[in-house]
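Colleague: In the working numbering, the protein residues as written are 145 to 681. Pasting in a structure now, in structure tokens, and then I'll have a few things to ask.
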């Protein structure tokens with residue numbers, strides 16, 4: 145039987161409690177617009193999240209059938225550069241084509257999606273392919289995931305660290321936990337996050353007083369301990385004092401010179417701001433110096449319009465494609481449209497990474513050409529972080545800095561400089577062979593001796609154990625370098641190297657990880673070189 149209708153106010157009071165009556169009265173009260181809420185902004189409707197183009201179970205696609213033009217273009221580049229490993233080994237007996245045709249990789253592995261062999265027969269005969277096939281599939285799915293259009297929680301950066309919360313630099317997992325990053329639920333999220341954070345975290349994990357590189361594990365030498373102690377007097381406050389932004393009001397600025405900068409120069413500034421979060425009382429000035437430094441887009445040029453949002457993040461953060469040099473100004477609309485049409489979808493990474501795409505022009509970005517005499521810019525991103533980029537070889541601008549260096553406030557970082565690789569530009573007059581880049585007059589030849597003379601620490605990374613060993617062997621024989629340096633950090637693995645595999649376009653079997661290893665040196669003091677006496681620096 146249905147309950148009787150309540151027509152009287154007394155009946156309502158009898159049934160409803162005091163709180164229910166109050167809610168009912170508020171709901172029936174007419175809404176009025178008072179003087180104060182008249183000027184209040186109306187709440188904006190929440191934006192709906194875009195539907196991803198690819199789902200988690202639909203990330204694998206052969207390169208030739210990828211829904212993204214850049215990946216299809218990369219597959220074509222690999223086919224034009226890479227050689228079939230079976231044909232190259234000399235065990236090919238099934239082809240009657242010319243040598244160049246038999247070596248071209250035209251067959252895509254159905255398991256990894258990369259062009260790997262000239263034919264299905266050679267793919268089936270190659271037992272070595274199974275050793276790296278799973279890594280190639282991982283790279284394939286990661287590249288499609290970056291363009292999938294999903295929301296990337298792993299790219300959400302935490303804010304300032306609470307004073308009473310210590311940061312651990314034991315490894316990526318412990319760091320993310322102690323810094324309050326979003327939970328990295330998948331290995332793919334770990335690879336994406338480590339890829340963009342490896343540059344600021346490699347710097348921070350070395351310089352911080354909680355660094356995992358210590359005398360006890362023999363990664364820091366006694367000379368290195370003294371060098372880092374000098375830097376940490378600027379980076380940190382005295383024991384017991386609050387490590388806050390106010391505590392750094394009277395401290396000098398910490399300058400980090402990143403030489404030979406490429407991809408690191410195009411990272412979004414908020415990724416570099418994570419370095420400031422590790423040192424709340426320190427003011428950083430980052431200098432990106434190198435011929436491949438990415439400069440801001442011209443002020444009058446429209447921002448690029450990628451096909452989807454995820455492609456924007458990938459092109460900005462991971463830098464897998466190159467674009468026009470930002471220092472060139474557009475004189476007409478027709479010229480800019482023509483250049484946009486001529487711009488390649490994918491630029492091959494053959495023996496050196498291409499120049500990254502121009503970065504976004506921020507509100508406070510200003511040109512610094514008058515100050516440094518080379519294409520350059522400066523942006524005061526936050527009160528704690530200033531970024532300057534100079535598109536030039538360091539030898540061209542060293543004279544402007546050489547009298548200002550201080551081991552207490554300055555440090556050099558060289559990310560995978562390629563000391564031990566042959567120079568593409570300089571050839572020895574004695575034997576006609578290319579110089580190593582550490583000795584080349586057009587590359588690192590005049591730079592490293594100048595850095596050693598400053599007595600500031602020089603930290604170097606490598607993308608593999610072989611790369612680290614190759615660079616170290618080269619400095620031990622380089623003129624004006626061998627015998628003039630002392631170790632700061634012994635060679636070894638970098639706990640904050642990227643966990644994402646990078647595949648070479650000229651040979652998919654060649655895979656490396658950005659900043660896999662790290663080591664450091666500094667120049668010997670004059671007293672040490674001449675008289676052998678003790679020197680603090």
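For every residue, glycine included, the Cβ atom is placed at its ideal position computed from N, Cα and C.
Quick check on residue 451: does DSSP put it in helix, strand or coil?
Modeller: Unreliable placement is indicated for residue 451, whose pLDDT of 41 sits below 50; the coordinate value is still reported in the next sentence. In the structure shown, residue 451 sits in coil (DSSP, three-state: anything other than H, G, I, E or B).
Colleague: So, at 6 Å on beta carbons, what are the nonlocal neighbours of residue 538 in its own chain, with the 5 sequence-adjacent residues on each side left out?
Modeller: 403, 433 and 591
Colleague: Under 7 Å Cβ to Cβ from residue 326, same chain only, skipping five residues before and after it: list those, please.
Modeller: Close CB contacts of residue 326 within its chain, under the 7 Å cut and outside five residues either way in sequence, are with 297, 298 and 300 (chain order).
Colleague: Alpha carbon to alpha carbon, how far is residue 656 from residue 306?
Modeller: Between the C-alpha atoms of residue 656 and residue 306 there is a straight-line separation of about 36 Å.
Colleague: Given residue 270, which residues of its chain have a CB within under 7 Å of its CB, disregarding the five upstream and five downstream residues?
Modeller: 229, 230 and 261
Colleague: Could you give the residue range of the beta strand (DSSP E) that holds residue 328?
Modeller: Unbroken run through residue 328: none, as it is neither H nor E.
Colleague: Near residue 662, which residues of its chain fall below 6 Å by C-beta distance, leaving aside the five closest residues on each side in sequence?
Modeller: 605 and 638
Colleague: For the alpha helix (DSSP H) holding residue 569, just list the boundary residues, first then last.
Modeller: Premise fails: residue 569 lies in the beta strand (DSSP E), 566-571, not in any alpha helix (DSSP H).
Colleague: Please give the ranges of any alpha helix (DSSP H) in the stretch 540-623, keeping only runs that are unbroken, at least 4 residues long and fully inside the region.
Modeller: 591-597 and 609-619, all fully within the stretch 540-623.
Colleague: Can you give, in chain order, each stretch of the beta strand (DSSP E) that sits fully within the stretch 217-301 and has at least 3 residues?
Modeller: 259-261
Colleague: Can you look up residue 213 in the DSSP assignment and give me helix, strand or coil?
Modeller: In this structure, residue 213 counts as helix in the three-state DSSP scheme.
Colleague: Are there three or more Cβ pairs, one per stretch, closer than 8 Å when the stretch 355-375 is compared with the stretch 561-568?
Modeller: Under the Cβ criterion (8 Å, minimum of three pairs), the stretch 355-375 does not count as touching the stretch 561-568.
Colleague: What separation, rounded to the nearest whole angstrom, lies between the Cα atoms of residue 249 and residue 613?
Modeller: 31 Å
Colleague: Counting along the chain, where does the alpha helix (DSSP H) carrying residue 366 start and finish?
Modeller: 366-379
Colleague: Kindly indicate which three-state DSSP category residue 630 falls into: helix, strand or coil?
Modeller: strand
Colleague: Touch check for the stretch 423-432 and the stretch 527-547: three-plus C-beta pairs under 8 Å?
Modeller: yes
Colleague: What is the DSSP secondary structure of residue 517, reduced to helix, strand or coil?
Modeller: coil
Colleague: Alpha helix (DSSP H) containing residue 319: first to last residue?
Modeller: 316-323
Colleague: What number of angstroms, rounded off, separates the C-alpha of residue 473 from the C-alpha of residue 354?
Modeller: Low per-residue confidence applies at residue 473: pLDDT is 32, beneath 50, and the placement is therefore not dependable, though the value from the model is reported in the following sentence. Approximately 46 Å, taken between the alpha carbons.
Colleague: Assuming residue 323 contacts residue 302 under a Cβ cut-off of 8 Å, what Cβ separation, rounded to an integer in Å, is found between them?
Modeller: 6 Å
Colleague: Compute the distance between the beta-carbons of residue 422 and residue 348, then report whether it is under 8 Å.
Modeller: yes
Colleague: Run through DSSP, which three-state label would residue 408 get?
Modeller: helix
Colleague: Within this structure, are the beta carbons of residue 219 and residue 254 separated by less than 8 Å?
Modeller: no
Colleague: Buried or exposed: where does residue 721 fall if 16 or more other Cβ atoms within 10 Å of its Cβ makes it buried?
Modeller: The chain is shown only over 145 to 681; residue 721 falls outside these bounds and no answer can be derived.
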